[in-house]
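Colleague: Just so you know, the sequences run in chain order A and B. Numbering-wise (the working numbering), the first sequence opens with residue 751 and increments by one. Numbering-wise (the working numbering), the second sequence opens with residue -1 and increments by one. Once you've had a glance at the structure underneath, I'll fire off some questions.
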Amino acid sequence: MPSAVHIENVVKRYGDALAVDHVSLSVPPGVIYGFLGPNGAGKTSTIRMLMRILLPDEGQIRILGDDLQQVNLDRIGYLPEERGLYKKMRLLDLLTFFGEVRGMPRREARNRGGAWLERLSLADRAFRPVEELSKGMQQKVQFVATIMHEPELLILDEPFSGLDPVNANVLKDIILEYHRRGHTVIFSTHQMDQVEKLCDHICLINRGRVLLEGTLASVKQRYGKNGVNLRFEGDGTYLHTLPEVASFQDNGNEVFLRLKDGADPARVLDAARARVSVTRYELAEPSVYDIFIEQVSGDGQ
Amino acid sequence: MKAMYVIRREYTENVRRKSFIVTTILVPLFMAALIVLPVTFALLQPEHQNRVAVVDQTGKIGPEFVAALTDSLKKGGRKYLCTVVSATGENFEAAKQAQIDGLRSRDTDIVVAIPQDVMTGGKAAYITREQRNYNILDRFEDVLNNAVLKERLATEGIDYERVKTLTSRVKLEMNQMNKEGGLEQRNFLAEYGVVFVFVMILYSALISWGMTIAKSIVEEKGSRIIEVLLSTLSARDLMIGKLVGVGLAGLTQLAIWGVVGFLLAGSALPMLVAQMGTVHVSPLVFVYFPVFFVLGFLLFASLFMVVGAVSSTEQDAQQMQAIVTLPMIIPLMSLMLFIQSPNSGLAVAMSLIPVFTPLLMLARIILLTPPMWQIALGIGLMLVAIFFSVTVAARIFRVGILMYGKRPSLREMMHWYRMAG
C-alpha cells in the first residue's frame, strides 16, 4: 500500500519568509500521525498545501498514491484551523449539504447526518439553526461534517483547540473509532498529552524544517531511556551541575533530568537525597513534551 | 455537477431567510398603501360646515358671490353658511375688523373682504383661523372671479352667459398611435408613475440580491467554509451555484410580487381608474421584466462576487459595493429626462450600454414600443458583457477567495487575473 501522504523537499515562501523549508515526510497508511511544532512552525502551511489551497514553490506531494493535482479530494476529510459553519443553516440541512458535496447520495447523507446528531445528543436540535449551539457543540458538528463521508484520510488542523476536556474526549473517541476502521489520521497540535495518547507516528517541525520524524516508539528510543523524573522539597537548582546529568528540565512540580550515556541513575538519587527531600523518583523515558521542549529550544528561536 | 448542491443550498437558505419573507410580504403591502392610501384619505377627509362672513364694500359682488356658493356637504346640508355684511364707503375697514374679531371669538370660520377696487384690479382678502384648506381657497377665488367678471361685463353692457359660452376652454386629449396605426387614449402622467415603480423594483432587486451574494462570500471566507468547499468542488462550481441559486431566489420573490400585484390591481382597478384614468401597460412588460432581471443580475452579481472575493470583512465589502452600484444610479438619475424623450438618440444610445440596459431598456419598453432590433441589440450586448464579466470575475474569484488580510490593489487583482489564467 502506498503512503497516505508523501511529501518530498517541499518549499513554501511568503515573500522573503521561508514558511516551509525543504520538508520531506511520509505518512504510512492506517496510522494516527501527529504533526507537532510551535506556533508559526509551518504546520498549517504544509496542511494547506496538502489541500491544494496553497501551491508549493518547490517539491512533490503525493496523496493516497496519486499526484496531488490528480487526487480526488473527496477521499480526504479536512478540518481547517479556524472554525466556522453556516450560522443560519439548520443542523441536519448543514450535514446533508456537506455530505452531498462530498459525493454522498442525498438520502444517505441525511440519514447519516441524523445518526451523528443522535450520537452527539443533538437530535432534538436537528431543525434548529447552527448559531443556537454553543461554540464547543459547533466545533463537534463541524468535525462530524468533516468525517461523515467516511474519507480514507482525515486531516485535522488543531482539532482539540478550544475544547473542554469532556468534549476533547468525545472527539478523541470518534477519532480512535474511525482509525480502527483502517483509515489514516493526520492532525496538527501543540497539545502534547493528546499526542502521547493517540499517535503512532509523529513529526516535529520548527521554523519550517523537520526536526524529528518516525514512530513514537522510535523517536523515544533515539532519546534513550535514561531519564529521571524527580519530585522533591527544597532547592534543587544544583541538580543540573551533577556530572551524570546531560540536561535539566524544570516542569514545575517535577524536574526531568536527562542523563549522560552510561550514567548510573542510582547515583543521581543518592546525590539528590543528600541535599533535598525526595518524594518521588522514577526512571523514565522522555515524554513527547520533554522532547518537544528540548528540541525546539535547542533549535534556537 | 456539484454546482447543483450549491444551487439548492443557496436557494433554500435565501428563501427561508426572515428578511426574504418580510420583504416579500411588505413590499406589495407598501406599494398597495402607496396607491390606495391617498385615495382613501381623500375620501375619508372630514367635512364640516364653514361659517363665512363676507364683508362687501361694493354692494354688488357680495350677494353675487354668496348666491353662487351653493356647495353642499356629502352628508347633505350646505357647506358654506354665508352672511353678507354690507359696508360701503368709510365703514369697510371697521366692519372687516369686527368680523376678524368674530373669527377670534369663533363666531365665524372664514372672512372674505371684498373692497371697492376689486372692480378695477384690487385684491380681495381671505382670512381664516388655522385651516389651510387650498380647496376652499381655490373654490372661493373661482366664484369671486366669476362674480367680479360678471359685474365688469354688466357695466360694459355685455351678456355674461354669452361670453362664457364663447370663451369655453378646449380640452386637449392625449392619444398615441400604436404599432398598427390605430389610436389609443393614454394618460402620460400615470405612465410615468408606472415606469418609475417598475424601474425602482428592478433596481432594488438587482442591488439587494447582488449584495446578498457579496455578503455570503465574505461569510464563507471569514468562517473558512470556503476552504472546505474548495477541497471538494471547483471555484467554478461554487460561482455557478451561487449565481443560479441566488438568482432563482430573486426570481421567486419577483414572481410572488407579480402574482400579488396582478390580484391587487384586479381588485383595486376600478378605484385606480377613477383616480388616474386608464393606464396601458403592455403585457410584454411582464415578459421583459424577468428577462432584464436575469441579465442584470448575472452582470452585476458577477461584479458583486468580485467584491466579496477581495474583501476580508463586511466593512471592506460595503465600501467596494459603492463602485459597483454607481453605474446603476446613473440611469435612475436620468430617468426623468428619459421619460420625456424615450426615443431620442441619447436615450437609445444609453439604453444600449450594458450596465444601463436593464433599467433604461425596460423604461423604454414601458413608455413606447422600441423597434425590435434595439431590444435584441441591447440583450445581445448584455450577453457579451455578461460573458466578459463572468470570465474575469471567475478568475479573480478563484484567487481572491483564499486571500486574507488587506484589500488588494487593482494591480494585485490584475495579477490574480493573470495567475488564474
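From the three backbone atoms N, C-alpha and C, an ideal C-beta is built for every residue, glycine too.
(1) If you reduce the DSSP assignment to three classes, tell me which class Asp1049 of chain A lands in.
(2) In the DSSP assignment, the beta strand (DSSP E) including Ile289 of chain B goes from what residue to what residue?
(3) Quick one: does Thr230 of chain B have its CB under 8 Å from some CB of chain A?
(4) In angstroms with no decimal places, state the Cα-to-Cα distance between Leu768 of chain A and Lys762 of chain A.
(5) Is Pro855 of chain A close to chain B, meaning its C-beta is less than 8 Å from at least one C-beta of that chain?
(6) Return yes when the Cβ of Ala212 of chain B is within less than 8 Å of the Cβ of Val305 of chain B, no when it is not.
(7) Compare the C-beta of Arg860 of chain A with all C-beta atoms of chain B and state if any pair is closer than 8 Å.
(8) Please tell me whether Lys213 of chain B has its Cβ less than 8 Å away from any Cβ of chain A.
(9) According to the neighbour-count rule (16 or more other Cβ atoms, all chains shown, within 10 Å of its Cβ), is Gln820 of chain A buried or exposed?
(10) What would DSSP say about Met175 of chain B, mapped onto helix, strand or coil?
(11) Mapping the DSSP letters down to three states, classify Pro352 of chain B as helix, strand or coil.
(12) Relative to the C-alpha of Leu79 of chain B, which candidate in B:Glu8, B:Leu335, B:Glu410 and B:Phe63 has its C-alpha closest?
(13) Based on DSSP bridge pairs, tell me the residues matched to Phe785 of chain A.
(14) Per DSSP, what kind of secondary structure is Glu62 of chain B in: helix, strand or coil?
(15) Counting only beta-carbon atoms, is Arg137 of chain B nearer than 8 Å to chain A?
(16) If you drop the 5 nearest sequence neighbours on each side, which residues of the same chain put their C-beta closer than 8 Å to that of Val146 of chain B?
(17) Leaving out five residues before and five after Gly886 of chain A in sequence, what residues of the same chain have Cβ atoms less than 7 Å from its Cβ?
(18) I'd like to know whether the C-beta of Arg897 of chain A is nearer than 8 Å to at least one C-beta of chain B.
(19) For Gly220 of chain B, go through chain A and note every residue whose CB falls closer than 9 Å to its CB, in chain order.
(20) Only counting runs of 3 or more residues, tell me where the beta strand (DSSP E) segments fall wholly within the region 859 to 914 of chain A, in order along the chain.
(21) Give the range of the alpha helix (DSSP H) segment to which Ser968 of chain A is assigned.
(22) Assign Val382 of chain B to buried or exposed, taking buried as 16 or more other Cβ atoms, counted over all protein chains shown, within 10 Å of its Cβ.
(23) Nearest-angstrom Cα distance between Glu159 of chain B and Val285 of chain B?
(24) With hydrogens ignored, establish whether the beta-carbon of Lys1010 of chain A is closer than 7 Å to any heavy atom of the ligand FAD.
(25) List the whole-angstrom C-beta distance separating Ile952 of chain A from Val945 of chain A, where the pair is believed to meet the contact cut-off of C-beta under 8 Å.
(26) Under 8 Å between C-beta atoms, does Glu410 of chain B make it to chain A?
(27) Against Glu850 of chain A, what residues of chain B qualify as contacts under a CB-to-CB distance less than 7 Å, listed in chain order?
(28) So is Gln1051 of chain A in contact with chain B if we call contact Cβ pairs under 8 Å?
(29) Taking Ile223 of chain B as the query, report the chain A residues whose CB atoms sit under 8 Å from its CB, ordered along the chain.
(30) By the 10 Å Cβ neighbour count, where 16 or more other Cβ atoms means buried, how is Asn956 of chain A classified, buried or exposed?
(31) Check the Cβ of Met847 of chain A against every Cβ in chain B and list those closer than 9 Å, keeping chain order.
(32) Is Asp943 of chain A closer than 8 Å to Glu831 of chain A when the C-beta atoms are compared?
(33) Nearest to Ser232 of chain B by CA position, among A:Asp824, A:Asn976, A:His772 and A:Val1005, is which residue?
(34) For Leu227 of chain B, which residues in chain A fall below 8 Å Cβ to Cβ?
(35) Applying the criterion that 16 or more other CB atoms from any shown protein chain within 10 Å of the CB defines a buried residue, is Ile23 of chain B buried or exposed?
(36) Pull up the CB-CB distance for Leu818 of chain A and Arg798 of chain A, whole angstroms please, since I reckon it's below 8 Å.
Modeller: By the coordinates alone:
(1) DSSP places Asp1049 of chain A outside both helix and strand once states are collapsed to three, so it counts as coil.
(2) According to the sequence shown, residue 289 of chain B is Val rather than Ile. From DSSP, Val289 of chain B is part of no beta strand (DSSP E) but of the alpha helix (DSSP H) over Val283 to Val308.
(3) yes
(4) 6 Å
(5) no
(6) Val305 of chain B places its beta carbon less than 8 Å from that of Ala212 of chain B.
(7) Judged by the 8 Å Cβ criterion, Arg860 of chain A is not in contact with chain B.
(8) no
(9) Counting of Cβ neighbours within 10 angstroms places Gln820 of chain A among the exposed residues, the total staying below 16.
(10) strand
(11) DSSP places Pro352 of chain B in coil when its eight states are reduced to three.
(12) B:Phe63
(13) A:Ser938 and A:Cys953
(14) Three-state DSSP puts Glu62 of chain B in a helix.
(15) no
(16) Ile59, Val116 and Met117
(17) Excluding residues within five positions, the ones whose Cβ falls inside 7 Å are Leu913, Asp914 and Asn917.
(18) Sequence check: residue 897 of chain A is Ile here, not Arg. With 8 Å as the cut-off, Ile897 of chain A does not count as an interface residue toward chain B.
(19) Glu832 and Gly834
(20) Residue ranges of uninterrupted beta strand (DSSP E) with 3 or more members, entirely inside the region 859 to 914 of chain A and ordered along the chain, are 903 to 907.
(21) Leu966 to Tyr973
(22) exposed
(23) 55 Å
(24) No copy of the ligand FAD occurs in the structure displayed, which carries no ligand at all.
(25) Yes, they are in contact, since the Cβ atoms of Ile952 of chain A and Val945 of chain A sit about 6 Å apart, within 8 Å.
(26) no
(27) Tyr3
(28) Confidence in Gln1051 of chain A is poor, its pLDDT being 47 and thus under 50, which makes the residue's placement unreliable; the coordinate value appears in the next sentence. No, Gln1051 of chain A lies away from the interface with chain B (no Cβ there is under 8 Å from its Cβ).
(29) Taking a Cβ-Cβ threshold of 8 Å, the residues of chain A close to Ile223 of chain B are Gly834, Leu835 and Tyr836, in chain order.
(30) buried
(31) A small fix is needed here, since residue 847 of chain A is Phe in this sequence, not Met. In chain order: Tyr3, Val4, Arg6 and Arg7.
(32) no
(33) Selected option, being the one with the closest Cα: A:Asp824.
(34) Val851
(35) Under this definition Ile23 of chain B is an exposed residue.
(36) The pair is not a contact, with the Cβ atoms about 12 Å apart (cut-off 8 Å).
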